[in-house]
Amino acid sequence: MSIDLQQVEQLTQDWLEQVVIGLNLCPFAHKPNKNKQIKIAVTEATSEEALLEFILLELRELDSKEPNELETTLVVAPAMLADFMDYNFFLDWVDALLKQEEYEGIYQVASFHPDYCFGGTEPEDAENLTNRSPYPTIHLIREESMERVLKHYPNPEAIPDNNIARVEGLTAEEKAKLFPYLIG
């Protein structure tokens, strides 16, 4: 199966702009997106080893650039980890990679998946939409940048609850428009 990397990148960019930024699920994403400091790195990897290698290269690229040039990277894996449990297990490998490469405390990971399901929720619960993306996606975040923006953000602890309220308030039509990849 051939993957259209440009289409995957475009769908991910649309999700970033319409869902993450459009619904203000991440109040910190607008500025780096506007300044073109967010990289969407699509991989054709089909094995855990190849994906870990790809993630390591993306971490090294983040390391080699200043935040004002490249703030954060979304690693998108359309050819694998379609099963959410497999994806969750793979995140443990990513954490181990961060530790092994001594990136703990420098980078952190946020996770997104078409079938994302928070512990203690049912798959159809609206709150899962806050972390649902068109493809399995691993967000590599600079901890220093996150700490800096959180210092100036009022009540950051309320972000998850605000996000849940926002997606729970969407109409069926809005959900269909924002999450077309979840239907069918």
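Numbering of the sequence shown is given in UniProt numbering, commencing with residue 1 and proceeding in unit increments. Glycine included, each C-beta is placed from N, C-alpha and C at the ideal position. Owing to the predicted nature of the structure, the values given are computational and were not obtained by experimental measurement.
Its Cα nearest to that of S2, the residue T43 stands out among I38, T43 and C26. Ranked by how close their Cα comes to the Cα of N33, the residues E49, D63, S47 and N68 have N68 in first place. Contact between T73 and K39 holds: CB atoms are separated by about 4 Å, below the 8 Å threshold.
Across the set E173, Y181, L182 and R166, the C-alpha of R166 shows the shortest separation from the C-alpha of C26. Only residues of its own chain outside the window of five on either side were considered, and among them V75, V94, L97, I138 and L140 have a CB closer than 8 Å to the CB of I55, listed in chain order. Taking C-beta atoms as the reference points, Y107 and R148 fail to come closer than 8 Å. In this chain, R132 is not harboured by any beta strand (DSSP E), its DSSP state being neither H nor E. Taking C117 as the centre and dropping the five residues before and after it, the same chain places the C-beta of F84, P123 and N128 closer than 7 Å to its C-beta, in chain order. Fewer than three beta-carbon pairs drawn from the segment 109–116 and the segment 158–174 are found closer than 8 Å, and the two stretches are therefore not classed as touching.
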